[in-house]
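In UniProt numbering, the protein residues as written are 1 to 262.
Quick reminder that beta carbons are idealized off the backbone N, C-alpha and C, glycines included.
Because the structure is a prediction, the values reported are computed rather than measured.
The structure appears right after this line, and notes come after that.
Below, the structure written as structure tokens:
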């Protein structure tokens, strides 16, 4: 694993604080044995472990690219947490998520990014759009920005809907994929420096860096029945290295979409 790709910490849930009823995945605010609060993403929710894989890989790619993402940690959820929860839906979710899950450090006092209130400079907007074009992130729209303002800085959250190609069945990693959904990106109108950002960011995502990030994915989340965990990791590496190698294509696609808006 590359030196600049640190291993994630692992914590144990000590207190289930409250569900966060946003979207269909029912994340929860929890307290862990290190004394910090986390937004816990459950392996038993929605799209299952693949959403956690996307959350982990894209979050750590963003970090390598110098974008702000709350610390990601692995979280052990023990069987006892499903016993006393009165809400049957949440109880089922807790039981289905026993074992290793993923969480983001809770940014207390953060507010949802509103493009009508906060202007993002062109370079930062271009970097976020470039990341989301690289990873096929369909979930950064004006309706659901998945960004927070915390201490006057922009923070990226909720990447579980990215890498959606991994839901499409065998051979997904070897297919070239256009990304027309980039036209709906909330920061696209501000992303006027995409070619410059492409030249800046592409060299940071070397094959070694990508392999190191993908290696963080726990074997317990790699559940394809006809592929070994090593083969599944190799698919993510193949997909991402190919996307980076062809970054001029998705950069041009995003830039054309931006120009069509003006």
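Which one of 247, 173, 120 has the shortest CA to CA distance from residue 203? 247
Quick check on the DSSP output: the alpha helix (DSSP H) that includes residue 218 runs from which residue to which? It is not in any alpha helix (DSSP H) - residue 218 carries neither H nor E in the DSSP assignment.
At least three beta-carbon pairs within less than 8 Å, the region 57-65 to the region 32-48: no
In the region 152-215, which residue ranges form an unbroken alpha helix (DSSP H) of at least 4 residues, counting only runs that do not cross its ends? 194-201, 207-214
Per-residue DSSP class, three states only, for residue 240: helix
How about residue 14 and residue 31: are their beta carbons less than 7 Å apart? yes
Between the CA atoms of residue 58 and residue 111 - distance to the nearest angstrom: 22 Å
Inter-residue spacing [alpha-carbon to alpha-carbon] between residue 99 and residue 136: 28 Å
Does residue 168 pass the burial test, meaning 16 or more other C-beta atoms within 10 Å, or should it be called exposed? exposed
How about residue 194 and residue 120: do their beta carbons lie closer than 7 Å? no
DSSP state of residue 36 mapped onto helix, strand, coil: coil
Beta-carbon separation (whole angstroms), residue 216 vs residue 51, contact threshold 8 Å: So it is not a contact: roughly 15 Å between Cβ atoms.
Starting from residue 74, follow the beta strand (DSSP E) in both directions and report where the run begins and ends. 72-77
The region 68-78 in contact with the region 124-134 per 3-pair CB rule at 8 Å: no
Own chain residues within Cβ distance below 6 Å of residue 54, not counting five before or after: 159, 160, 162, 163
From this set, 175, 183, 166, which residue's C-alpha is nearest residue 265's C-alpha? No answer is possible for residue 265: it lies beyond the span of the chain, which begins at 1 and ends at 262.
Rounded to the nearest angstrom, how far is the Cβ of residue 191 from that of residue 258, given a contact under 8 Å? 6 Å
Of all the options 183, 144, 211, 76, which has the alpha carbon lying nearest to the alpha carbon of residue 9? 76
Pull the bridge partners of residue 150 from the DSSP assignment, please. 153
Roughly how far, in whole angstroms, is the beta-carbon of residue 107 from the beta-carbon of residue 155, given that I think they are within contact range, below 8 Å? 6 Å
Just verifying my parser: in three-state terms, what is the DSSP assignment at residue 114? coil
Between which two residues does the beta strand (DSSP E) harbouring residue 12 extend? 10-19
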